[in-house]
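In our numbering, the protein residues as written are 881 to 1281.
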């Protein structure tokens, strides 16, 4: 009996050792004392450029409304939206909910609106030689006040504080009038057509981009002419009046490849830098404090495909981080914050991306699958952003702190 017990014990011990040895040699249970080498990634597909930020929201939707027959749109610095419908009626939409504050009587010749802080709207008939006036609406009445002009209206802008309006005309003149008092207008005489206008917050600094002959001029101060007299110039001024930029090119706007972006010091008129843009469909914004500039454009690859690019610059023209865009990111500039620390770009129809001052992604907002986005409008301080879709749907976003 004792001999049998010894044999059984020995058999059990052998079985246990055999199982342990088999388990240690099984390919499903590798030896934990010898780490398995990590396989190197062999995929040639690069990682997506934009992944995850800090998930802190930067934009909040205020309202969405359909307006399928809009002919002209404008976003005021306080978030109010002015629109001109196909009946040539002007409406002003309230910033918080998008409800209509008022609707004006039809202006049959109107084709352009400018929303002004304080619930005013400027209305013009751009490039119509039969019209020698513009209209001023609101804030307490929808009866238009006709402002007489010495020629056809070519450009129209209001100061961000809502106190002044500037009108550029075919008579090679720019008129500035007060929207809050009965003071007579100021007049600047030029030797060219004032094709675009830009003004600082209080209107103390004003710039025009002229056409035939082409150039950039500060009203009452310095001027630059262009050797190509048919080159168009679109101008912007920072809200503080310290820095200006001009986007220029030939032919149809933003469709030519011969595009240039230039920075200016407003006090001295000195050109700070010039950048040739190797593409089309350029969009540029100068920050409210004048210290940052953002640019997006569409370029051609070596294979002939289109690629969208985003460039962030300092006031002196030096780059902030690497140029963005490529296979995984198709940026289109839509807004720049007041200090330039946040740049918002539209990635195709899919999402809004917010980048920091070094070009790193901080937040992504997925957009609903609706009609394609036709137009984007932002305030100069980046506080509000309006998305306009091809079916007329409007969505207003408010920037969060």
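Just so it is clear, CB atoms sit at the ideal spot from N, CA and C, and this is done for glycine as well.
Just so it is clear, the structure is predicted and the values come from calculations on it, not from any experiment.
(1) For residue 1102, which three-state DSSP category applies?
(2) So residue 1213 packs on residue 1232, CB below 8 angstroms; how close in whole Å?
(3) Determine contact between the region 987–998 and the region 1014–1033, defined as no fewer than three beta-carbon pairs at a distance below 8 angstroms.
(4) So which of 945, 989, 977 and 1001 has the shortest CA-CA distance to residue 971?
(5) Can you name the residues that DSSP bridges to residue 1033?
(6) Indicate the three-state DSSP secondary structure (helix, strand or coil) for residue 1007 in the structure shown.
(7) Taking Cβ to Cβ, would you say residue 990 is nearer than 8 angstroms to residue 978?
(8) On a CA-only basis, which of 1209, 1173, 1202 and 1204 is nearest residue 1216? Give me that one, please.
(9) Check for me: the beta strand (DSSP E) holding residue 1126 runs from which residue to which?
(10) Return the residue from the list 1086, 1079, 1113 and 1244 that minimises the CA-CA distance to residue 1095.
(11) I think residue 1105 touches residue 1093, with their Cβ atoms under 8 angstroms apart; what is that distance to the nearest whole Å?
(12) Only counting the same chain, and skipping five residues up and downstream in sequence, which positions put a Cβ closer than 6 angstroms to that of residue 1078?
(13) Hey, which unbroken runs of the beta strand (DSSP E) at 3 residues or more fall wholly within the region 962–1010?
(14) Using the C-alpha atoms, what's the distance from residue 1065 back to residue 959?
(15) Note down the Cα distance separating residue 1250 from residue 1069, rounded to an integer number of angstroms.
(16) In angstroms, rounded to a whole number, what distance separates the CA positions of residue 1271 and residue 964?
(17) Can you tell me which of the three DSSP states residue 927 falls into?
(18) For residue 1265, write down the residues that DSSP places opposite it in a beta bridge.
(19) State buried or exposed for residue 1188, treating a residue as buried only when at least 16 other CB atoms are found within 10 Å of its CB.
(20) Classify residue 1107 as helix, strand or coil using the three-state DSSP reduction.
(21) Can you tell me the Cβ-Cβ gap for residue 1199 and residue 1169, rounded? I've got them flagged as a contact below 8 angstroms.
(22) May I ask you to report which of helix, strand or coil DSSP gives residue 1057?
(23) Determine the direct distance from the alpha carbon of residue 1167 to that of residue 1046, and round the result to whole angstroms.
(24) Could you spell out where the beta strand (DSSP E) holding residue 1194 opens and where it closes?
(25) How many whole angstroms separate the CB atoms of residue 1280 and residue 940, which I take to be in contact at a CB cut-off of 8 angstroms?
(26) Could you work out which residue in 1143, 1237 and 1158 is closest to residue 1152 when comparing CA atoms only?
(27) On a CA-only basis, which of 1259, 1245, 1241 and 1186 is nearest residue 933? Give me that one, please.
(28) For residue 1022, which residues of its own chain have a beta-carbon under 6 angstroms away from its beta-carbon, when the five flanking residues on both sides are left out?
(29) When the Cα of residue 936 is compared with those of 1222, 1230, 1042 and 1194, which residue comes out closest?
(30) Is residue 864 buried or exposed, if buried means 16 or more other CB atoms sit within 10 Å of its CB?
(31) Just checking: is the beta-carbon of residue 1092 within a distance shorter than 8 angstroms of some beta-carbon in chain C?
(32) Using the Cα positions of residue 1048 and residue 1226, report the straight-line distance between them to the nearest angstrom.
(33) State yes or no: is the C-beta of residue 1255 within less than 8 angstroms of the C-beta of residue 1234?
(34) To the nearest angstrom, report how far apart residue 1191 and residue 1026 are at their CA atoms.
(35) Just how far apart, CA to CA, sit residue 1125 and residue 1098?
(36) Within this structure, are the beta carbons of residue 1059 and residue 1031 separated by less than 8 angstroms?
Taking the coordinates as given:
(1) coil
(2) The Cβ separation is near 11 angstroms, so there is no contact.
(3) yes
(4) 1001
(5) 1049
(6) coil
(7) no
(8) 1173
(9) 1123–1129
(10) 1113
(11) 6 angstroms
(12) 1087, 1115, 1116 and 1117
(13) 970–973, 980–983, 992–996 and 1000–1004
(14) 27 angstroms
(15) 47 angstroms
(16) 15 angstroms
(17) The pLDDT assigned to residue 927 is 38, lower than 50, so where the model puts this residue is not dependable; a value taken from the coordinates is nonetheless given after this. Here residue 927 sits in coil by DSSP.
(18) 1258 and 1277
(19) buried
(20) coil
(21) At roughly 19 angstroms, the Cβ-Cβ gap does not stay under 8 angstroms, so residue 1199 and residue 1169 are not in contact.
(22) strand
(23) 21 angstroms
(24) 1186–1194
(25) 6 angstroms
(26) 1143
(27) 1241
(28) 982 and 984
(29) 1222
(30) The chain is shown only over 881 to 1281; residue 864 falls outside these bounds and no answer can be derived.
(31) Note that chain C does not occur in the displayed structure, where there is just one protein chain.
(32) 32 angstroms
(33) no
(34) 42 angstroms
(35) 12 angstroms
(36) no
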